[in-house]
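Here is the structure we will look at.
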Amino acid sequence: MPKTPSNYVHRIGRTGRARSTGTSISLVSSEEQCDFDKIQASLYGDNDIGNKKTMRILPFPLLTKEAIESLRYRAEDVARGVTKVAIKEARAKELRLEILNSEKLKAHFEDHPTDLELLKHDKVLSKRQPLPHLKCVPEYMRDPNTEAASKALKLSRAAMGQPSGFRRKRKPRAEDPLRSFSVNPKRRKLEKNGVNSTLWSRAKAKKTGEKVRDKRKKKKHRRHK
Numbered sequence: 001m002p003k004t005p006s007n008y009v010h011r012i013g014r015t016g017r018a019r020s021t022g023t024s025i026s027l028v029s030s031e032e033q034c035d036f037d038k039i040q041a042s043l044y045g046d047n048d049i050g051n052k053k054t055m056r057i058l059p060f061p062l063l064t065k066e067a068i069e070s071l072r073y074r075a076e077d078v079a080r081g082v083t084k085v086a087i088k089e090a091r092a093k094e095l096r097l098e099i100l101n102s103e104k105l106k107a108h109f110e111d112h113p114t115d116l117e118l119l120k121h122d123k124v125l126s127k128r129q130p131l132p133h134l135k136c137v138p139e140y141m142r143d144p145n146t147e148a149a150s151k152a153l154k155l156s157r158a159a160m161g162q163p164s165g166f167r168r169k170r171k172p173r174a175e176d177p178l179r180s181f182s183v184n185p186k187r188r189k190l191e192k193n194g195v196n197s198t199l200w201s202r203a204k205a206k207k208t209g210e211k212v213r214d215k216r217k218k219k220k221h222r223r224h225k
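Residue numbers in the sequence shown follow the UniProt record's numbering, run continuously in steps of one, and reach 225 at the last position.
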């Protein structure tokens with residue numbers, strides 16, 4: 001939880017970049033309750049904290065305290081992987097993206113294109129693989145209240161005609177033009193050297209013994225008649 005209201009507003013505002021809308025979920029512990037109360041008081045005033053019409057920080061029914069408590073051990077496993085090196089790499093990546101998107105540095109990159117290339121090709125070398133046991137949440141770790149709220153949300157979306165999630169229907173490999181298209185490396189090499197597809201077809205027919213119809217000769221033959 002951010003310590004000050006300005007940091008809270010700055011962090012929450014990241015969900016609304018490029019005129020987009022979003023929802024931010026804040027996890028407040030008992031030690032951070034005092035900071036959370038200060039943020040509420042500074043944003044709404046002391047008299048508007050209990051008024052739900054003016055509140056912007058509302059309880060999130062899909063994530064209860066019991067549900068978080070059941071995932072405590074998994075959160076601790078993930079927290080062990082958040083090392084100082086990982087935090088440093090994440091901050092460096094964020095600064096690198098801000099520099100690339102900066103309007104003030106466009107003139108500098110135009111005069112020094114090598115600096116821009118170095119920033120684009122600077123990648124993180126160490127990549128931690130996600131823990132495999134985190135993909136599945138067993139039944140005994142799920143909160144029944146959270147499950148009921150999630151089902152109610154899915155039913156309301158289905159009634160309004162909205163998709164229940166962001167899953168895309170997978171197409172077979174044969175129907176996907178980007179995956180089904182393949183080029184023979186020999187043919188690619190011949191075309192790169194200036195050899196057209198007709199010569200490639202003749203070379204292939206000579207090797208396999210198949211007959212290849214030359215469209216150009218057929219057109220000339222028709223014109224001659």
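Cβ coordinates follow ideal geometry from the N, Cα and C atoms, glycine included.
Since the structure is predicted, the reported quantities are computational estimates derived from the model, not experimental observations.
Query raised in the report: To which residues of the same chain is E117 closer than 7 angstroms at the C-beta, ignoring the five residues directly before and after it?
Result: Numbered from its first residue, the sequence shown carries residue 117 at position 117. Correct list: empty, nothing qualifies.
Requested in this report: Could you name the residues of the same chain whose beta carbon sits closer than 6 angstroms to that of T21, not counting the 5 residues immediately before and after it, in chain order?
Outcome: What you label residue 21 is simply residue 21 of the sequence shown in a count that begins at 1. Excluding residues within five positions, none has a Cβ falling inside 6 angstroms.
Report task. Indicate the three-state DSSP secondary structure (helix, strand or coil) for N145 in the structure shown. Result -> Taking the first residue of the sequence shown as 1, we reach residue 145 at position 145. N145 falls in the helix class under three-state DSSP.
Report task. May I ask you to verify whether the stretch 97-109 touches the stretch 26-43, counting CB pairs closer than 8 angstroms and requiring at least 3? Result -> no
Query raised in the report: When the Cα atoms are used, what is the spatial distance from V82 to Y73?
Result: By one-based count along the sequence shown, residue 82 stands at place 82. By one-based count along the sequence shown, residue 73 stands at place 73. If I take the Cα positions, the gap works out to 15 angstroms.
Requested in this report: Check the C-beta distance from D115 over to S70 and give it rounded, since I have them as a contact under 8 angstroms.
Outcome: For the purposes of this step, residue 115 is identified with residue 115 of the sequence shown, where counting begins at 1. For the purposes of this step, residue 70 is identified with residue 70 of the sequence shown, where counting begins at 1. Not quite, the Cβ-Cβ distance comes to about 49 angstroms (not below 8 angstroms), so this is no contact.
Query raised in the report: Quick one: what does DSSP say I57 is sitting in, helix, strand or coil?
Result: Mapped onto the sequence shown, residue 57 falls at position 57. It is coil, neither helix nor strand.
Requested in this report: Take N145 and list the residues in its own chain whose beta-carbon comes closer than 6 angstroms to its own, dropping the five residues that flank it on each side.
Outcome: Within the sequence shown, numbered from 1, the residue matching residue 145 stands at position 145. Here the set comprises T64.
**Report entry** Euclidean distance between Cα positions of V78 and L95
**Finding:** Sequence index remark: in the sequence shown, residue 78 carries index 78 (1-based). Sequence index remark: in the sequence shown, residue 95 carries index 95 (1-based). Rounded to the nearest angstrom, the two C-alpha atoms are 24 angstroms apart.
Requested in this report: Kindly give me the distance between the Cβ atoms of M1 and S24, rounded to whole angstroms, as I take these residues to be in contact under 8 angstroms.
Outcome: Residue numbering aside, residue 1 sits at position 1 when the sequence shown is read from its first letter. Residue numbering aside, residue 24 sits at position 24 when the sequence shown is read from its first letter. 12 angstroms between Cβ atoms; not a contact.
Requested in this report: Could you tell me the boundaries of the alpha helix (DSSP H) in which N7 lies?
Outcome: Here residue 7 corresponds to residue number 7 of the sequence shown, with the count starting at 1. Taken as a continuous stretch (DSSP letters only), the alpha helix (DSSP H) holding N7 covers P5 to I12.
Query raised in the report: Ends of the alpha helix (DSSP H) at E103?
Result: Position 103 of the sequence shown, counted from the first residue, corresponds to residue 103. Per DSSP, E103 belongs to no alpha helix (DSSP H) and is neither H nor E.
Query - Rounded straight-line distance, which links the Cα of M141 to that of P5 - result: Residue numbering aside, residue 5 sits at position 5 when the sequence shown is read from its first letter. Residue numbering aside, residue 141 sits at position 141 when the sequence shown is read from its first letter. Each residue's Cα considered, the two are about 34 angstroms apart.
Report task. Give the C-beta separation of D37 and K3 to the nearest angstrom, bearing in mind that I take them to be a contact with Cβ-Cβ under 8 angstroms. Result -> Counted from its first residue, the sequence shown places residue 37 at position 37. Counted from its first residue, the sequence shown places residue 3 at position 3. No, D37 and K3 are not in contact; Cβ-Cβ is about 13 angstroms, not under 8 angstroms.
Query - Element boundaries [alpha helix (DSSP H), containing G22] - result: Position 22 of the sequence shown, counting from 1, holds the residue named residue 22. Note, G22: premise wrong, no alpha helix (DSSP H); not H, not E.
Requested in this report: Compare the Cα-Cα distances from G13 to each of E32, R56, C136 and A67 and report the closest residue.
Outcome: Along the sequence shown, read from residue 1 onward, the residue named residue 13 stands at position 13. If we check each option's Cα against that of G13, R56 comes out closest.
Report task. Name the residue from H133, C136 and V28 whose alpha carbon lies nearest to the alpha carbon of L58. Result -> Here residue 58 refers to the residue found at position 58 when the sequence shown is read from its first residue. Nearest C-alpha to L58: V28.
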